[in-house]
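Visitor: This is the structure I have questions about; it appears just below.
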Amino acid sequence: ICTDALDVKGKYDLVYIDTPYISSKGVGVDYLEFYHFLEGLVKYNKWETLIDWKSKHLRIKHGKSIWNDKNKIYQAFDTLFKKFADSILVVSYRSDGIPSDADLMSLLKKYKAKVIELNRKNYKYVLSNNGESQELLFVAE
Numbered sequence: 012i013c014t015d016a017l018d019v020k021g022k023y024d025l026v027y028i029d030t031p032y033i034s035s036k037g038v039g040v041d042y043l044e045f046y047h048f049l050e051g052l053v054k055y056n057k058w059e060t061l062i063d064w065k066s067k068h069l070r071i072k073h074g075k076s077i078w079n080d081k082n083k084i085y086q087a088f089d090t091l092f093k094k095f096a097d098s099i100l101v102v103s104y105r106s107d108g109i110p111s112d113a114d115l116m117s118l119l120k121k122y123k124a125k126v127i128e129l130n131r132k133n134y135k136y137v138l139s140n141n142g143e144s145q146e147l148l149f150v151a152e
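All you need for the numbering used here is the position in the sequence shown, starting with 1, plus 11.
Written out as structure tokens, the structure reads:
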């Protein structure tokens, strides 16, 4: 399934969630902008129509995402966790993101009786100057 998790239909035993994140500075990390070369491979026949030819760096055209909006991200997570309340949820997340890991845990606990943080590992993102970030994994059932 290759779509926004909020658009997925059906019931699932387990749902793995690895959303884009918003940094502690409030800047959304847009996966499509970082990895659009993969879109180019998949949508090769339409590629010319997907590029913003007026932009200096030939950015890919796409709309805004609630996952990159610090004013909408809490509601997005809440809606997502509610949508899959009957599934086991495994959530990969970054420790310095918005919402905070504590906020994310609270949102999960609204819909799940048992929420654990399975592991926490130091992680250095390639283009990041932040050496304090950790990769988190939550399991909620």
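Glycine is no exception: its CB is placed at the ideal position from the N, C-alpha and C atoms. In this text, all values refer to a predicted model and were calculated from it rather than measured experimentally.
Output the distance between the C-alpha atoms of LEU61 and LYS72, rounded to the nearest integer angstrom.
Guide: Here residue 61 refers to the residue found at position 50 of the sequence shown. Here residue 72 refers to the residue found at position 61 of the sequence shown. Spanning the two alpha carbons is a distance of roughly 5 Å.
Visitor: Going by DSSP, name the residue or residues bridged to SER34.
Guide: On the sequence shown, position 23 is the one that residue 34 refers to. The partner list for SER34 (beta bridge, DSSP) reads GLY108.
Visitor: Can you tell me where the alpha helix (DSSP H) with GLU59 in it begins and where it stops?
Guide: In the sequence shown, counting from the first residue as 1, residue 59 sits at position 48. 58-61 is the span of the alpha helix (DSSP H), which, as asked, contains GLU59.
Visitor: According to DSSP, what are the bridge partners of ALA151?
Guide: Taking the sequence shown and counting its residues from 1, the one referred to as residue 151 is at position 140. LEU100 and VAL126.
Visitor: Quick one: grab the DSSP three-state call for LYS132.
Guide: Along the sequence shown, one-based indexing puts residue 132 at 121. Here LYS132 sits in strand by DSSP.
Visitor: Is the beta carbon of GLY37 sitting closer than 9 Å to the one on LYS65?
Guide: Walking along the sequence shown from the start, residue 37 turns up at place 26. Walking along the sequence shown from the start, residue 65 turns up at place 54. The answer is no: Cβ separation not under 9 Å.
Visitor: If I'm right that LEU100 touches VAL26 with Cβ under 8 Å, what's the distance once you round it to whole angstroms?
Guide: Against the sequence shown, residue 100 aligns to sequence position 89. Against the sequence shown, residue 26 aligns to sequence position 15. Sure, about 6 Å apart at Cβ, within 8 Å.
Visitor: Output the boundary residues of the alpha helix (DSSP H) element that contains LEU25.
Guide: Within the sequence shown, the letter at position 14 stands for residue 25. Here LEU25 belongs to no alpha helix (DSSP H); instead the beta strand (DSSP E) covers 25-28.
Visitor: Determine the closest residue to SER76 out of LYS67, VAL102, LEU69 and GLN86, with distance taken between C-alpha atoms.
Guide: Mapped onto the sequence shown, residue 76 falls at position 65. Nearest C-alpha to SER76: GLN86.
Visitor: Can you find at least 3 beta carbon pairs, one from the stretch 47-58 and one from the stretch 110-128, that sit closer than 8 Å?
Guide: No, the stretch 47-58 is not in contact with the stretch 110-128.
Visitor: Take the Cβ of ALA96 as the centre, count every other Cβ of all protein chains shown within 10 Å, and call the residue buried at 16 or more, exposed below.
Guide: As a first step, residue 96 is located in the sequence shown; it is residue number 85 there, counting from the start. Exposed, because fewer than 16 other Cβ atoms sit within 10 Å of the Cβ of ALA96.
Visitor: Under a three-way DSSP split, which group does GLY51 fall into?
Guide: Position 40 of the sequence shown holds residue 51. Helix.
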